[in-house]
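One structure is given below, encoded as structure tokens.
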């Protein structure tokens with residue numbers, strides 16, 4: 001009975017694998033048969049509860065929090081090549097074309113970061129790592145990063161944050177501090193405002209936990225549910241974009257860095273001060289595809305950039321601790337929307353780090 005159930009779970013997981021392409025055949029090639037043999041051999045090393053967790057995670061596509069699925073570290077033999085266990089799992093159930101050289105990022109929901117003996121093979125505890133590329137100015141500036149982004153200007157007065165290109169949308173620092181002081185939880189690391197076009201929707205949300213989900217619809221979701229904030233809308237563009245938010249994003253503070261992980265099925269677009277080229281008026285916006293993580297703020301880079309900014313490039317008020325993220329729709333020189341205030345659904349992340 002035990003073996004029968006266990007065998008059934010293994011077979012179910014094999015059927016849940018991500019197809020290589022849309023014309024995926026049910027006929028198994030020699031390569032597919034070898035992959036099946038290696039995968040099933042690996043899965044049979046897991047306990048029944050671990051198999052259940054894997055099935056839950058894969059069927060929910062990461063939409064529901066699941067435990068780590070631990071397996072001893074070590075490579076598996078696949079033909080003439082060896083493959084790491086977690087790479088194989090991510091290839092089977094998320095990214096079929098994943099190679100051994102692809103860099104993955106462990107998500108904050110995974111607890112195996114310091115585990116020397118085991119690795120987590122839950123594919124939804126991993127993300128693809130986005131490494132944006134842009135020519136570095138002559139002489140360089142921060143050798144450790146290759147960056148993109150927007151014009152930057154001097155820091156606003158302490159009593160007000162003027163955000164975005166137009167300077168038309170002040171978010172009061174007093175509002176942020178009042179929410180914080182009432183919470184009784186101590187200092188927050190960021191506040192989040194949700195916008196639809198030029199209209200802010202709902203109250204400012206202060207964030208105390210290391211990570212937060214921002215989503216439209218998430219099974220058993222915990223975090224910032226945008227659907228609760230939204231009202232009836234006559235704009236077709238806003239309605240369509242709301243539907244595309246889906247599982248949304250995860251924002252996480254990891255030491256002196258802030259990361260964004262795209263859980264939705266559509267790209268997100270990011271504009272951040274530390275993804276900027278210093279002393280440039282050029283606006284750059286990152287397109288972050290589904291399944292990818294991007295480091296959207298680095299405190300050390302922020303300190304360096306503060307020292308090397310040239311006032312002659314300042315075009316108006318700008319907060320060096322403000323990040324803007326648009327769902328599904330881009331803006332800037334490469335898009336029809338020149339300003340983020342033309343994007344249907346977007347958020348403003350006001351960092352309370354190193355102020």
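In UniProt numbering, the protein residues as written are 1 to 355. Just so it is clear, CB atoms sit at the ideal spot from N, CA and C, and this is done for glycine as well. The structure presented is a predicted model; accordingly, all values stated were derived computationally and were not measured.
Considering residue i, what are the terminal residues of the beta strand (DSSP E) in which it resides?
{"i": "residue 257", "result": "257 to 262"}
{"i": "residue 72", "result": "70 to 72"}
{"i": "residue 243", "result": "Per DSSP, residue 243 belongs to no beta strand (DSSP E); it is in the alpha helix (DSSP H), 236 to 245."}
{"i": "residue 199", "result": "199 to 207"}
{"i": "residue 249", "result": "249 to 254"}
{"i": "residue 286", "result": "286 to 288"}
{"i": "residue 105", "result": "104 to 106"}
{"i": "residue 75", "result": "75 to 78"}
{"i": "residue 118", "result": "118 to 120"}
{"i": "residue 322", "result": "322 to 327"}
Determine, using beta carbons only, whether residue i and residue j come nearer to each other than 9 Å.
{"i": "residue 245", "j": "residue 264", "result": "yes"}
{"i": "residue 298", "j": "residue 232", "result": "no"}
{"i": "residue 101", "j": "residue 84", "result": "no"}
{"i": "residue 287", "j": "residue 267", "result": "yes"}
{"i": "residue 258", "j": "residue 323", "result": "yes"}
{"i": "residue 262", "j": "residue 292", "result": "yes"}
{"i": "residue 223", "j": "residue 213", "result": "yes"}
{"i": "residue 269", "j": "residue 345", "result": "no"}
{"i": "residue 98", "j": "residue 91", "result": "yes"}
{"i": "residue 197", "j": "residue 66", "result": "no"}
{"i": "residue 195", "j": "residue 351", "result": "no"}
{"i": "residue 362", "j": "residue 76", "result": "Coverage of the chain is limited to positions 1 through 355, which leaves residue 362 absent and any answer about it impossible."}
{"i": "residue 247", "j": "residue 217", "result": "yes"}
{"i": "residue 64", "j": "residue 187", "result": "no"}
By a C-beta neighbour count over all protein chains shown, 10 Å radius and 16 as the cutoff for buried, is residue i buried or exposed?
{"i": "residue 117", "result": "exposed"}
{"i": "residue 271", "result": "buried"}
{"i": "residue 5", "result": "exposed"}
{"i": "residue 327", "result": "buried"}
{"i": "residue 329", "result": "buried"}
{"i": "residue 282", "result": "exposed"}
{"i": "residue 74", "result": "exposed"}
{"i": "residue 319", "result": "buried"}
{"i": "residue 285", "result": "buried"}
{"i": "residue 113", "result": "exposed"}
{"i": "residue 94", "result": "buried"}
{"i": "residue 252", "result": "buried"}
{"i": "residue 29", "result": "exposed"}
{"i": "residue 210", "result": "exposed"}
{"i": "residue 33", "result": "exposed"}
{"i": "residue 308", "result": "exposed"}
{"i": "residue 137", "result": "Because the pLDDT of residue 137 is 49, which lies under 50, any placement of that residue in the model is unreliable, and the number read from its coordinates should be weighed accordingly. It is exposed - the Cβ of residue 137 has fewer than 16 other Cβ atoms within 10 Å."}
Can you give the Cα-Cα distance for residue i and residue j, rounded to whole angstroms?
{"i": "residue 336", "j": "residue 39", "result": "46 Å"}
{"i": "residue 228", "j": "residue 109", "result": "24 Å"}
{"i": "residue 199", "j": "residue 339", "result": "14 Å"}
{"i": "residue 96", "j": "residue 46", "result": "22 Å"}
{"i": "residue 347", "j": "residue 119", "result": "34 Å"}
{"i": "residue 61", "j": "residue 15", "result": "15 Å"}
{"i": "residue 42", "j": "residue 289", "result": "30 Å"}
{"i": "residue 132", "j": "residue 191", "result": "26 Å"}
{"i": "residue 57", "j": "residue 88", "result": "16 Å"}
{"i": "residue 104", "j": "residue 127", "result": "6 Å"}
{"i": "residue 221", "j": "residue 80", "result": "43 Å"}
{"i": "residue 215", "j": "residue 78", "result": "38 Å"}
{"i": "residue 36", "j": "residue 18", "result": "13 Å"}
{"i": "residue 55", "j": "residue 353", "result": "38 Å"}
{"i": "residue 235", "j": "residue 206", "result": "28 Å"}
{"i": "residue 168", "j": "residue 193", "result": "Model confidence at residue 168 stands at a pLDDT of 46, short of 50, so the residue's coordinates are unreliable; what they give is reported in the following sentence. Roughly 15 Å separates the two Cα atoms."}
{"i": "residue 86", "j": "residue 121", "result": "5 Å"}
{"i": "residue 10", "j": "residue 44", "result": "7 Å"}
{"i": "residue 68", "j": "residue 129", "result": "20 Å"}
{"i": "residue 142", "j": "residue 7", "result": "Because the pLDDT of residue 142 is 41, which lies under 50, any placement of that residue in the model is unreliable, and the question is left without a value."}
{"i": "residue 70", "j": "residue 48", "result": "13 Å"}
{"i": "residue 303", "j": "residue 321", "result": "11 Å"}
{"i": "residue 230", "j": "residue 349", "result": "18 Å"}
{"i": "residue 53", "j": "residue 254", "result": "26 Å"}
{"i": "residue 274", "j": "residue 59", "result": "36 Å"}
{"i": "residue 331", "j": "residue 123", "result": "32 Å"}
So the alpha helix (DSSP H) residue i belongs to, where does it begin and stop?
{"i": "residue 54", "result": "48 to 59"}
{"i": "residue 91", "result": "85 to 93"}
{"i": "residue 308", "result": "299 to 308"}
{"i": "residue 41", "result": "30 to 43"}
{"i": "residue 212", "result": "Premise fails: residue 212 lies in the beta strand (DSSP E), 211 to 215, not in any alpha helix (DSSP H)."}
{"i": "residue 226", "result": "226 to 229"}
State yes or no: is the beta carbon of residue i nearer than 9 Å to at least one beta carbon in chain C?
{"i": "residue 42", "result": "In summary, chain C is missing from the structure at hand, where a single protein chain is found."}
So does the region 285 to 304 actually touch the region 224 to 242, counting three or more Cβ pairs closer than 8 Å? no
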